[in-house]
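2 protein chains.
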Amino acid sequence: MRISELSRLSGVSVPSIKYYIREGVLAAGETDGPNRATYGDAHLARLRLVRGLIDGAGVSVAGVKRIVAALDDGLPLNAAFGVAQDAVPLTGGADSSEPSDVATNAVAAVLDEPWAAHHPAARVAARALDTFDAVGEPLSALWLARYAEAAAIVARADFDELERRGDPAAQARIAAVGTALGDVVLQSLRRIAQATEGERRFPSPSPSSPSGQENPS
Amino acid sequence: MRISELSRLSGVSVPSIKYYIREGVLAAGETDGPNRATYGDAHLARLRLVRGLIDGAGVSVAGVKRIVAALDDGLPLNAAFGVAQDAVPLTGGADSSEPSDVATNAVAAVLDEPWAAHHPAARVAARALDTFDAVGEPLSALWLARYAEAAAIVARADFDELERRGDPAAQARIAAVGTALGDVVLQSLRRIAQATEGERRFPSPSPSSPSGQENPS
Chain A
1 MRISELSRLS GVSVPSIKYY IREGVLAAGE TDGPNRATYG DAHLARLRLV RGLIDGAGVS
61 VAGVKRIVAA LDDGLPLNAA FGVAQDAVPL TGGADSSEPS DVATNAVAAV LDEPWAAHHP
121 AARVAARALD TFDAVGEPLS ALWLARYAEA AAIVARADFD ELERRGDPAA QARIAAVGTA
181 LGDVVLQSLR RIAQATEGER RFPSPSPSSP SGQENPS
Chain B
218 MRISELSRLS GVSVPSIKYY IREGVLAAGE TDGPNRATYG DAHLARLRLV RGLIDGAGVS
278 VAGVKRIVAA LDDGLPLNAA FGVAQDAVPL TGGADSSEPS DVATNAVAAV LDEPWAAHHP
338 AARVAARALD TFDAVGEPLS ALWLARYAEA AAIVARADFD ELERRGDPAA QARIAAVGTA
398 LGDVVLQSLR RIAQATEGER RFPSPSPSSP SGQENPS
């Protein structure tokens with residue numbers, strides 16, 4: 001297909017497609033004349049992946065580049081996860097300050113494996129705990145343990161989903177996309193669960209319409 | 218104390234403190250002469266909250282302004298949660314495209330309450346599911362159900378933490394800070410749990426040092 005057709009099918013503008021090609025996140029089309037290139041279904045699939053990571057999960061173009069390079073290289077699974085983890089920035093991950101020993105130990109105490117305490121995300125979690133302390137609202141160890149329990153549940157779900165796929169390329173794809181978009185799903189469902197749990201414990205006057213809609217009853 | 222002392226104790230520069238005062242996220246000091254103002258412990262506590270939300274949870278200054286206004290107004294709990302949910306942007310929440318009916322129904326199916334399907338975050342979750350479909354890796358209903366289970370666990374942990382506090386001001390504070398920073402803790406622990414689960418299912422050659430450290434054994 002021509003680039004105009006690729007644009008129509010993907011919903012991505014022609015200038016954006018050309019930008020992605022320049023940035024190396026999308027392969028160039030097959031040239032069949034001056035200023036004429038042909039694109040195939042692989043281009044369409046790749047464009048959907050790129051837009052899903054950028055629009056849906058807030059991954060930067062540089063991050064997408066690392067992820068698609070990993071997919072194209074046929075990296076082993078753990079490496080694909082590692083690349084995705086590096087490419088999808090953690091909120092609060094840019095802060096390089098040192099967490100307190102108390103918070104570092106609190107995080108280490110809820111992890112299943114001693115080596116996991118050296119994961120870069122452990123520092124991010126510990127700094128977040130320090131912030132709760134700093135605003136005068138320290139958290140209980142039970143709170144953190146239940147967050148860790150929830151994280152283990154979703155990680156098992158991620159890997160079960162991965163193992164349902166036999167094809168290594170599909171496994172690498174779900175590892176990369178799942179790392180990025182799984183965060184989005186989890187954050188969204190947490191917001192909804194907070195609203196639901198809040199309504200359960202502190203019912204609003206009109207319980208069937210806590211979202212502010214009209215309640216005809 | 219003087220602004221210089223407030224800056225030293227909080228680690229926030231004097232220009233930043235003045236900026237926060239102009240933006241209305243920090244109350245002005247008590248004027249006791251031309252160009253002289255005195256600040257108290259309440260200013261220090263507020264500054265720590267502001268920096269925790271901005272640096273630790275990526276909340277914008279405008280978002281912080283809404284959160285602190287809610288705290289100062291002594292809003293009821295559900296309102297405090299609502300303000301925090303609005304102020305802390307969901308990744309992917311800026312996308313206003315309509316999710317598919319299939320994804321919308323899949324999200325509704327894992328929620329405890331019918332009204333919860335109208336929560337704005339349900340659209341964000343549904344759009345994320347659509348992206349998995351678009352890249353050719355649709356997810357199982359079981360995956361989503363386990364994410365919802367994890368979200369319910371953390372929401373209960375959040376409210377238990379809140380109910381441990383008797384003081385309504387402290388409850389509102391933990392609701393606001395917990396909404397923002399709980400995301401950070403959950404996202405971090407998910408990364409670590411993925412690494413741990415990956416190592417369990419696909420052990421690296423040197424299992425005691427999957428993070429790439431030397432293994433002397």
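The listed protein sequences correspond, in order, to chains A and B. Start counting the first sequence at 1; every next residue gets the next number (my numbering). Start counting the second sequence at 218; every next residue gets the next number (my numbering). Using N, Cα and C, we set each Cβ at its ideal position, and we do this for glycine too.
- Counting along the chain, the unbroken alpha helix (DSSP H) around Gly399/B starts and ends at 385 to 418.
- With fewer than 16 neighbouring CB atoms inside 10 Å of its own CB, Ala28/A falls in the exposed class.
- DSSP places Thr255/B in the strand class (E or B) of the three-state scheme.
- Considering only Asp258/B, Arg265/B, Leu288/B, the residue with the shortest C-alpha distance to Tyr237/B is Arg265/B.
- Flagged as an interface residue toward chain B: Val154/A, by a C-beta distance shorter than 9 angstroms.
- Going by DSSP, Trp360/B is part of the alpha helix (DSSP H) stretching over 358 to 380.
- Not a single CB atom of chain B sits nearer than 9 angstroms to the CB of Thr104/A.
- With fewer than 16 other Cβ atoms from the protein chains shown falling within 10 Å of its own Cβ, Arg22/A counts as exposed.
- Measuring C-alpha to C-alpha distances from Arg417/B to each of Leu186/A, Asp160/A, Arg201/A, Leu129/A identifies Asp160/A as the nearest.
- For the stretch 7 to 20 of chain A, the set of positions with a beta-carbon nearer than 7 angstroms to some beta-carbon of chain B is empty.
- At a C-beta separation below 7 angstroms, Ile391/B has these neighbours in chain A: Glu137.
- For Thr248/B, the three-state secondary structure derived from DSSP is strand.
- Restricting attention to Phe349/B, Asp384/B, Phe419/B, the CA atom closest to the CA of Thr179/A is found in Phe349/B.
- For Leu307/B, there is no enclosing alpha helix (DSSP H), as DSSP marks it with neither H nor E.
- Of all residues in the stretch 277 to 295 of chain B, the ones placed with a Cβ closer than 9 angstroms to any Cβ belonging to chain A are Pro293, Leu294, Asn295, in chain order.
- Under the Cβ criterion of 9 angstroms, Ile3/A is not counted among the residues facing chain B.
- Residue Gly269/B holds the alpha-carbon nearest to the alpha-carbon of Ser97/A among Val305/B, Gly269/B, Arg344/B.
- Residue range 220 to 227 is occupied by the alpha helix (DSSP H) that includes Ser227/B.
- Excluding residues up to 5 positions away in sequence, Gln171, Ile174 lie with their Cβ nearer than 8 angstroms to the Cβ of Arg165/A in the same chain.
- If you ignore the 5 residues before and after Thr31/A, its C-beta comes within less than 7 angstroms of the C-beta of Ala37, all in its own chain and listed in chain order.
- By the neighbour-count criterion, in which a residue is buried when 16 or more other Cβ atoms sit within 10 angstroms of its Cβ, Pro232/B is exposed.
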